[in-house]
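Accompanying notes for the structure given below.
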Amino acid sequence: MYAIVNASGFNGKGDKFEQQTILIKEGKLERVDSSKEFPEGYEVIDATGKVITPGLIDVHTHIGVFEQGIGNEGHDFNETSSATTAQIRALDGINPFDQGFEDARQGGVTTVQILPGSANVIGGEMAIVKTAGTVVDEMVVQAPSGLKAATGENPKRVHGGKGNLPTTRMGVAALLRQKLIEAQNYLENKEDKDRNLELEQIAKVLEKKIPLRVHAHRAEDIATVLRVKNEFNIDVTIEHGTEGHLMTDFIAKHNVSIAVGPTMTSRSKVELVNRGWHTLPAFAEANIPFAITTDHPVVTIEHLMTSAIMSVKHGLDESIAMKALTLNAAKHLGIDNRVGSLEEGKDADIVFWSGDPFDLRNSVERTMIDGRWVF
Numbered sequence: 603m604y605a606i607v608n609a610s611g612f613n614g615k616g617d618k619f620e621q622q623t624i625l626i627k628e629g630k631l632e633r634v635d636s637s638k639e640f641p642e643g644y645e646v647i648d649a650t651g652k653v654i655t656p657g658l659i660d661v662h663t664h665i666g667v668f669e670q671g672i673g674n675e676g677h678d679f680n681e682t683s684s685a686t687t688a689q690i691r692a693l694d695g696i697n698p699f700d701q702g703f704e705d706a707r708q709g710g711v712t713t714v715q716i717l718p719g720s721a722n723v724i725g726g727e728m729a730i731v732k733t734a735g736t737v738v739d740e741m742v743v744q745a746p747s748g749l750k751a752a753t754g755e756n757p758k759r760v761h762g763g764k765g766n767l768p769t770t771r772m773g774v775a776a777l778l779r780q781k782l783i784e785a786q787n788y789l790e791n792k793e794d795k796d797r798n799l800e801l802e803q804i805a806k807v808l809e810k811k812i813p814l815r816v817h818a819h820r821a822e823d824i825a826t827v828l829r830v831k832n833e834f835n836i837d838v839t840i841e842h843g844t845e846g847h848l849m850t851d852f853i854a855k856h857n858v859s860i861a862v863g864p865t866m867t868s869r870s871k872v873e874l875v876n877r878g879w880h881t882l883p884a885f886a887e888a889n890i891p892f893a894i895t896t897d898h899p900v901v902t903i904e905h906l907m908t909s910a911i912m913s914v915k916h917g918l919d920e921s922i923a924m925k926a927l928t929l930n931a932a933k934h935l936g937i938d939n940r941v942g943s944l945e946e947g948k949d950a951d952i953v954f955w956s957g958d959p960f961d962l963r964n965s966v967e968r969t970m971i972d973g974r975w976v977f
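Going by this note's numbering, the sequence shown opens with residue 603, and the numbers climb by one from there.
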């Protein structure tokens, strides 16, 4: 049990707080208020001079399935044997000893969503995990947390390059629709059929048990995703949304959250020609909910806060930027009942910063996950 006294910082809900007491018991935030009184038995930590934030959340990563430092042997995030592989699960490929997890803890990132890659039109199920642990099953917050799909250049290049469907954006959309229709038919007649793991996992999207989380950079691909959302009456998130600033009015009509990023990277392909920090303020002005992502290891996880700093430098309000790493990120993942803000009853995921986290010269001094110090 801990009592963090004289705590000031960001509460994750878009507000700053000063001189609060945070009580932690059994891995949860027991109390967060201005009272200086608390029962005996708590280890007191004086936070004077530090800045406190909730644990940061990266909603779109490949930590543990795209390992660092070992080359192709650690690239377990794209099952490229078929253009649709809904039957695979990221959970089965996550290595909790990947250096990325340690980098996350050192950067104040306590929760991540781990996705299959974007080589396939449907890539498989993803999982949300805490960034500390040695057995992934014990790190899980939610699994599955969505079904990965991808539009655009990646599936065209990987599978079209072999002369297979899809070779065009039309082919990508057609294959996605075909698989959704097959899963609809499977649901309607599953008592008469043998079990089919691929269709079972797509069916979870149709039943709204999980969202379809779709890689879409270009404006026409974003429009396709929203078209499919309406056709099949499913929940979706847009992953990347690079050209979303070109169509904010249209996106705002569709009740969709966007994982924006990795913005701190090169314009390495046609989908990224319009990449820039201007996308984030445009979404904020249009009241489109969004989170900020590194897409680790495209941009490495320790630069999640750096990405928020850059967004503020280019016009995003500081409070909105912090929410994009905390409460709005938790809402994007559907786990805001557990993480994302310093509120009673939520997981005790807390970061101590040496100073203002929006000043790049400051750093993480301590990271807590579920009431345990992990860095």
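Glycine is no exception: its CB is placed at the ideal position from the N, C-alpha and C atoms.
### Message
Taking 8 Å as the threshold (C-beta atoms), are A910 and I894 in contact?
### Response
Closer than 8 Å, so yes.
### Query
With C-beta atoms as the reference, is P864 less than 8 Å away from D897?
Contact flag set, yes.
### Query
If we count the other Cβ atoms within 10 Å of its Cβ and call it buried at 16 or more, is P718 buried or exposed?
Buried is the call here.
### Message
Do I696 and L935 have their beta-carbon atoms positioned less than 8 Å apart in this structure?
### Response
For L935 and I696, no; Cβs fall outside 8 Å.
#### Entry: As assigned by DSSP and simplified to three states, the class of I922
Reduced to three states, the DSSP call for I922 is helix.
### Task
Would you tell me roughly how many angstroms separate the C-alpha atoms of A908 and T770, rounded to the nearest one?
According to the sequence provided, residue 908 is Thr. The question's Ala does not apply to it. Going by the C-alpha atoms only, they are around 36 Å apart.
### Message
Measuring straight from C-alpha to C-alpha, what distance separates E793 and N787?
### Response
Cα to Cα, the separation comes out at about 11 Å.
### Task
Check whether the region 635 to 642 touches the region 677 to 692, counting contact only when three or more Cβ pairs, one atom from each stretch, lie closer than 8 Å.
No, the region 635 to 642 does not touch the region 677 to 692.
#### Entry: Nearest-angstrom beta carbon gap, K781 and I804 [assumed within contact, 8 Å]
Rounded, the Cβ-Cβ distance is 6 Å, consistent with contact.
#### Entry: Inter-stretch contact (C-beta, 8 Å, three-pair minimum) for the region 741 to 758 and the region 811 to 825
Under the Cβ criterion (8 Å, minimum of three pairs), the region 741 to 758 counts as touching the region 811 to 825.
#### Entry: First through last residue of the beta strand (DSSP E) which encompasses F612
Following the DSSP letters along the chain, one finds F612 inside the beta strand (DSSP E) bounded by residues 604 to 612.
### Query
Can you list the beta strand (DSSP E) stretches of 3 or more residues lying completely in the region 881 to 938, in chain order?
Qualifying beta strand (DSSP E) stretches, in chain order: 892 to 894.
### Query
Residues in its own chain within less than 8 Å of G616 by CB, not counting five upstream and five downstream?
Only S921, I922, M924, K925, L929 meet the Cβ criterion.
### Message
I'd like the list of long-range same chain contacts for E645, defined as Cβ closer than 6 Å, with 5 residues on each side in sequence excluded.
### Response
Y604, listed in sequence order.
### Query
Can you give the Cα-Cα distance for G846 and I659, rounded to whole angstroms?
A straight line joining the alpha-carbon of G846 with that of I659 spans about 22 Å.
### Message
Considering only DSSP beta bridges, list what K732 is partnered with.
### Response
Looking at the DSSP assignment, K732 forms a beta bridge with T713.
### Task
List the endpoints of the continuous alpha helix (DSSP H) containing M772.
That run of the alpha helix (DSSP H) goes 771 to 791.
### For A721, the three-state DSSP class (helix, strand or coil)
Shown here, A721 sits in coil according to DSSP, grouped into three states, outside any helix or strand.
### Message
Just to confirm, is the Cβ distance from G947 to L625 under 8 Å?
### Response
In this structure, G947 sits away from L625, with a CB-CB distance that is not shorter than 8 Å.
### Query
So, using beta-carbon positions, are G702 and G676 closer together than 8 Å?
Going by C-beta atoms, G702 is not nearer than 8 Å to G676.
### Query
How would you call G938, buried or exposed, if buried means at least 16 neighbouring beta carbons within 10 angstroms?
As written in the sequence, residue 938 is Asp, which differs from the Gly given in the question. With 16 or more Cβ atoms within 10 Å of its Cβ, D938 is classed as buried.
### Query
In three-state DSSP terms, what is E669?
DSSP, read as helix, strand or coil, puts E669 in coil.
### Message
In whole angstroms, give me the CA-to-CA distance for V807 and D837.
### Response
Linking V807 to D837 through their CA atoms gives a straight-line distance of about 7 Å.
### Query
Is R707 helix, strand or coil when you go by DSSP?
Of the three classes helix, strand and coil, the one that applies to R707 here is helix, per DSSP.
### Query
V991 and T733: beta carbons closer than 8 Å?
Absent from the structure is residue 991, since the part of the chain shown begins at 603 and ends at 977.
### Query
How is G762 classed by DSSP in three states: helix, strand or coil?
G762: helix per DSSP, three-state reduction.
### Task
Provide the residue span of the alpha helix (DSSP H) that contains K807, from first to last.
First, the residue type needs correcting, since residue 807 is Val and not Lys in the sequence shown. Here the alpha helix (DSSP H) through V807 covers 799 to 808.
### Task
Look at I971 and D951 and say whether their C-beta atoms are less than 8 Å apart.
In this structure, I971 sits near D951, with a CB-CB distance shorter than 8 Å.
### Beta-carbon gap between D705 and T902 smaller than 8 Å
Taking 8 Å as the cut-off, the Cβ atoms of D705 and T902 count as close.
### Query
Of the choices H842, A854, A752, D739, whose alpha-carbon is the least far from that of V862?
From the listed residues H842, A854, A752, D739, the smallest Cα separation to V862 is found for H842.
### Message
Could you check whether G725 and T687 sit closer than 8 Å to each other, using their CB atoms as the reference points?
### Response
Their beta carbons are under 8 Å apart, which means T687 touches G725 by this criterion.
### Query
Taking C-beta to C-beta, are G917 and P656 nearer than 8 Å?
Contact flag unset, no.
### Limits of the unbroken alpha helix (DSSP H) element including E740
738 to 741 is the extent of the alpha helix (DSSP H) around E740.
#### Entry: Beta-carbon proximity list for A888, same chain, < 6 Å, skipping 5 on both sides
So the qualifying residues of the chain are T850, A854.
### Message
So, at 6 Å on beta carbons, what are the nonlocal neighbours of G973 in its own chain, with the 5 sequence-adjacent residues on each side left out?
### Response
Exclusion of the five residues before and after G973 leaves I626, G629, A950 as the residues of its chain whose Cβ lies within less than 6 Å of its Cβ.
### Task
Measure the alpha-carbon distance for W975 versus E784 and round it to whole angstroms.
Going by the C-alpha atoms only, they are around 47 Å apart.
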